[in-house]
Structures are given as structure tokens and as C-alpha cells.
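S.K.:
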Amino acid sequence: MLNFFKSDRKVNSHDNNRIEIDMNRIPEHIAIIMDGNGRWAKAKNLPRAMGHKAGVETIRRVIKEGDKLGVKYMTFYAFSTENWKRPKEEVSALMKLLVQYLRQEIGELDANGVLINVLGDLSRLPRECIDEIKRAKERTKNNTGIVMNFALNYGGRDEIIRATKEVAAAVEKGEIAIDDIDGRTIEKYLYTANMPDPDIIIRPSGEQRLSNFLLWQCAYSEFWYSNINWPDFTEKDLRMAIYDFQNRDRRFGGIK
Ligand code: IPE
Ligand code: IPE
Ligand code: MG
């Protein structure tokens, strides 16, 4: 069956090449699974690393657009706890790209008030990477603009396991009683402590799965998928995702 409402609004927004976003209802937190770099490169007969390089350009565009629109938090899934399974050369190319990105962009990001933050276990990353991240975090820590989170060596399950251990330790020390453990107790120990849950999770490249991203935080996130690969993702796609989000009916389990 055709869903006229759905197809109608898509046509409206795409064909006019003008996406009418309600600037009063901009999502606070947008999280992106940056996927499809490898396929983008393959389709052009380029090495996978070139796809990752092109993907970095997309980050530049998208963070600017998000900031311009007034998004408060943007989270970029850059490396999962499972991505270590990839060939060593690819892993090290990805780590180098991150270092390069931070070195090249930190000035402009900082000048624009961007606060850089990392979600994930940094301890396993190469020294150079850890140092560059520390520098970027330190330099931007007092900024009050958009928060840019890099999910790096991040896994949703790993994050929940860590939080569980911390809570258990607090119980053991007598700092908290088992009966007092609630959602807020857990959240305090997540990498996203004090941040709002993502309103939208964007995944390009055609895959429709979470791949261990923000398992706790996405309980009521709206998902937005697209077939384009991350290097081809544009400002317009971000606006499209926001436009669609603004037309969703979020009920959080309640009724209207
Ligand atoms: C996303 O692109 C980048 C990372 C996972 C680091 P991929 O490298 O997964 O690209 P595909 O999925 O192989 O096309
Ligand atoms: C998810 O993409 C991780 C990142 C984008 C960093 P993957 O390409 O690793 O996910 P799967 O393997 O297709 O699920
Ligand atoms: Mg992939």
C-alpha cells in the first residue's frame, strides 16, 4: 500500500530543493553512524583509505551545518570496539586521519566555540592519537558552543559493562544502596553523562542496524537511514533528516 502522506512530504521537500526546517524545533542531539566509506572508495576503484579521507571532509561540512542550524550536540561514530577486527593498515590509517583532522581543524573549531569530547575507551588507541585528543579536549573545554563527540573505540555494550562495574564498586563501598539504583545512577557512569539522549540517529550507506552504537541512549531516538555513502552525505541530507524528524510523532510511550 502506498503511504501518501509519507511520499508526499518527501516529494515536497526533495523536489523544491528547499527543505523547510522549523528553526524553533531543532533537535538537540544528532548522532551519526558514519558508514559507507569503503563502498564509496570501491565504487571509484580507490583504496578504502581514500574513502575514509573523503569521509573526513563530510565531517567538516556536517559539523558546520549542524552548528549553523543550532544543534547542541553532534556525535560522530568514528571507530567501534569491533573495528579492531579490520586489517592493521586500515586501523592505523583511520587513527592517522583522526590526528590529522584534529591538527588541521582545531583552530577553526575552537574559534567557533566547539567543545570536543570523546566517547569510548581511549586507552587502547595509539599514543599520538591519545595526545592529540587530550590537547583538543583541553583547548576547547571552556567553549560553550556545539559539543562535538567522537565515538572512538566505542561500544554500547562495553559502555554499559563499565557503568555496571562502577555502580557495583559504589555499592561495595557503601556509597549507594542497591535499592537506590535507577536510570540516573547508570547514566552518571556512561560516556554521555550530563548529555541529552540523541534525538536522531543517522545512518547512511543503506545499512539499517545500530552496530553497537549508543545502546542505552537510543531508547527513544528517531532513526534516519539513507542509501548514500558517508562521503557523499551533504548539508542537504542533514537538513532532510531534521525535516523528517520534525514530522515524526514522538510519543515516548504515552498517548496524544
Ligand atoms: C565507516 O565506513 C567508517 C568506519 C567504520 C571506521 P566503512 O569503512 O565501514 O565503509 P563500508 O561499510 O566498508 O563501506
Ligand atoms: C559502524 O560501522 C561503526 C562506525 C561507523 C564507526 P561498521 O561498518 O563497523 O558496522 P557493520 O560492521 O557494518 O555493522
Ligand atoms: Mg561499514
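Quick note: the sequence shown, position 131, residue 1092 per my numbering, numbers continuous.
For glycine and all other residues, C-beta sits at the position ideal for the given N, C-alpha and C.
So does residue 1094 have its beta carbon nearer than 7 angstroms to some heavy atom of ligand 2?
M.R.: No, the beta carbon of residue 1094 sits no closer than 7 angstroms to any heavy atom of ligand 2.
S.K.: If I follow the unbroken beta strand (DSSP E) through residue 1038, where does it start and stop?
M.R.: Start and end: 1034 to 1041.
S.K.: Looking at the unbroken beta strand (DSSP E) that takes in residue 1183, where does it start and where does it end?
M.R.: Residues 1183 to 1186.
S.K.: For residue 1118, is the beta carbon positioned less than 7 angstroms from some heavy atom of ligand 2?
M.R.: No.
S.K.: Specify the secondary structure class of residue 1109 as computed by DSSP and reduced to three states.
M.R.: Three-state DSSP puts residue 1109 in a strand.
S.K.: Given residue 1085, which residues of its chain have a CB within under 7 angstroms of its CB, disregarding the five upstream and five downstream residues?
M.R.: Closer than 7 angstroms at Cβ, skipping near neighbours: 1114.
S.K.: If you draw a straight line from the C-alpha of residue 1099 to the C-alpha of residue 1217, how long is it?
M.R.: Approximately 45 angstroms, taken between the alpha carbons.
S.K.: Output needed for residue 1090: all residues of its chain with C-beta closer than 7 angstroms, excluding positions within five of it in sequence on either side, in chain order.
M.R.: Answer for residue 1090: 1056, 1059 and 1060, listed in chain order.
S.K.: Among residues of its own chain, excluding the 5 on either side of residue 1182, which ones have a beta-carbon nearer than 6 angstroms to its beta-carbon?
M.R.: Taken in chain order, the residues that qualify are 1159 and 1162.
S.K.: I'd like to check one pair, residue 1199 with residue 1027: are the Cβ atoms closer than 8 angstroms?
M.R.: Yes; because the gap between Cβ atoms is below 8 angstroms, this pair is in contact.
S.K.: Can you name, in chain order, every residue of its own chain whose Cβ lies under 6 angstroms from the Cβ of residue 1094, other than the five neighbours on each side?
M.R.: These residues qualify, in order along the chain: 1079.
S.K.: Check residue 1138 in the structure and name its three-state DSSP category.
M.R.: Residue 1138: coil per DSSP, three-state reduction.
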